[in-house]
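Visitor: In this note's numbering, the protein residues as written are 88 to 279. Ideal Cβ placement from N, Cα and C applies to all residues, glycine included. Only a predicted model underlies this, so the values are computations on that prediction, with no experimental measurement involved. Dropping the structure in here first, questions after.
Right under this line is the structure:
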């Protein structure tokens, strides 16, 4: 089984650990986080390095995943993703076995699809995205890089979401709309 490094050890990391363990495609080799956490454990996995160690870790491990969350801004996720790509890591998509993803859908590198999410046919999800638990993304949608579709959000058919967007929990979109890049949609919002 291939080993993977998780970059970021907070709450989102814990949720991703659960998905990786259930998917059973990767073995978690360790977590990269702040230097004061070195040697500590998160759900049984040791913190083995900090951001500055990515270059040396890339010589030992092939795969990585960004496991810090995205609420106010995706900037930290983007910086870490770009740094890890530059150091040579490969980013697989991680999909919960409890999610439904149509075989007619494209999922980008480093994107995580959490438990009970549904992604229907002819949809495209970019790189380094979070499709959170119970999110529904209908047919013919396009979600570009570095987006977070939160828990229970509903993206109806034909919606186009620009890069670096945050769609809050329980937000609902009308069908066939475009959400411009870097939009921040509050929880429970109806987007027309």
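Can you give the Cα-Cα distance for residue 185 and residue 219, rounded to whole angstroms?
Guide: For this step, residue 185 is matched to residue 98 along the chain shown. For this step, residue 219 is matched to residue 132 along the chain shown. Cα to Cα, the separation comes out at about 12 Å.
Visitor: Take residue 183 and list the residues in its own chain whose beta-carbon comes closer than 8 Å to its own, dropping the five residues that flank it on each side.
Guide: Counting from one through the chain shown, the residue named residue 183 turns up at place 96. If we look at residue 183 and ignore the five residues flanking it on each side, its Cβ neighbours are 106, 109, 110, 200, 201, 202, 203 and 204.
Visitor: I'd like the span of the alpha helix (DSSP H) that includes residue 231, first residue to last.
Guide: Within the chain shown, residue 231 is the residue found at index 144, counting from 1. Neither: residue 231 is in no alpha helix (DSSP H) and is coded neither H nor E.
Visitor: When DSSP labels each residue in this structure, what does residue 246 get in the three-state scheme?
Guide: As a position in the chain shown, residue 246 is number 159, starting the count at 1. Here residue 246 sits in coil by DSSP.
Visitor: Run through DSSP, which three-state label would residue 93 get?
Guide: Locating residue 93 in the chain shown gives position 6, counting from the first residue. Three-state DSSP puts residue 93 in a strand.
Visitor: For residue 176, is the classification buried or exposed, using 16 other Cβ atoms within 10 angstroms of its Cβ as the cut-off for buried?
Guide: Within the chain shown, numbered from 1, the residue matching residue 176 stands at position 89. The residue in question, residue 176, is buried, as its Cβ has 16 or more Cβ neighbours within 10 Å.
Visitor: Which one of 224, 230 and 251 has the shortest CA to CA distance from residue 213?
Guide: As a first step, residue 213 must be located in the chain shown, where it is residue number 126. Nearest C-alpha to residue 213: 230.
Visitor: Which value, in whole angstroms, describes the spacing of the CA atoms of residue 209 and residue 242?
Guide: Sequence index remark: in the chain shown, residue 209 carries index 122 (1-based). Sequence index remark: in the chain shown, residue 242 carries index 155 (1-based). Spanning the two alpha carbons is a distance of roughly 13 Å.
Visitor: Starting from residue 113, trace the alpha helix (DSSP H) both ways and give me its first and last residue.
Guide: As a first step, residue 113 is located in the chain shown; it is residue number 26 there, counting from the start. Element bounds for residue 113: not the alpha helix (DSSP H) but the beta strand (DSSP E), 113-119.
Visitor: Return the CA-CA distance between residue 252 and residue 269, expressed in angstroms with no decimal places.
Guide: Sequence index remark: in the chain shown, residue 252 carries index 165 (1-based). Sequence index remark: in the chain shown, residue 269 carries index 182 (1-based). Cα to Cα, the separation comes out at about 5 Å.
Visitor: Ignoring anything shorter than 4 residues, give me the alpha helix (DSSP H) runs that lie fully in the region 98-185, in order along the chain.
Guide: You should have 98-110, 141-147 and 162-174.
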